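As C-alpha cells, the structure follows; a few thoughts come after it.
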Amino acid sequence: MGSSLHLYSCCGETGTECCFRLQPVVIAYTAGLGFVFVVAVIFYFLLKFNLICPVSSNDRENLSIL
Numbered sequence: 001m002g003s004s005l006h007l008y009s010c011c012g013e014t015g016t017e018c019c020f021r022l023q024p025v026v027i028a029y030t031a032g033l034g035f036v037f038v039v040a041v042i043f044y045f046l047l048k049f050n051l052i053c054p055v056s057s058n059d060r061e062n063l064s065i066l
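Residue numbers (UniProt numbering): 1 to 66.
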C-alpha cells in the first residue's frame, strides 16, 4: 500500500522488510520537469549572450521605445 506518490516494496536479504519507494510515474515526471528546466536555462543564457538569434543594439533601442 501507499499513495499516488509512493509505495512500499519488500526488500532486504529475505524480503521481509518494507522499503519506501517513489512511484515510477513520479520519478518520470520529476526527471521530465528537470530536463525542461535545464533546457530553458540553457536557452536563456544563449539568448542573453546573443549566441542565438542575435539582436543588434539598434534593434534593442527600437524595441525599448515601443
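C-beta: ideal position from N, C-alpha, C; glycine also.
No experiment lies behind these values; they were computed from the predicted model shown.
query	result
Beta-carbon contacts of residue 8 that lie in its chain and below 8 Å, excluding the five residues immediately before and after	1, 2, 18, 19, 20, 21
C-alpha distance - residue 49 paired with residue 27, whole-angstrom precision	33 Å
Boundaries of the beta strand (DSSP E) in which residue 22 is found, first to last residue	17-22
Per DSSP, the bridge partner or partners of residue 9	19
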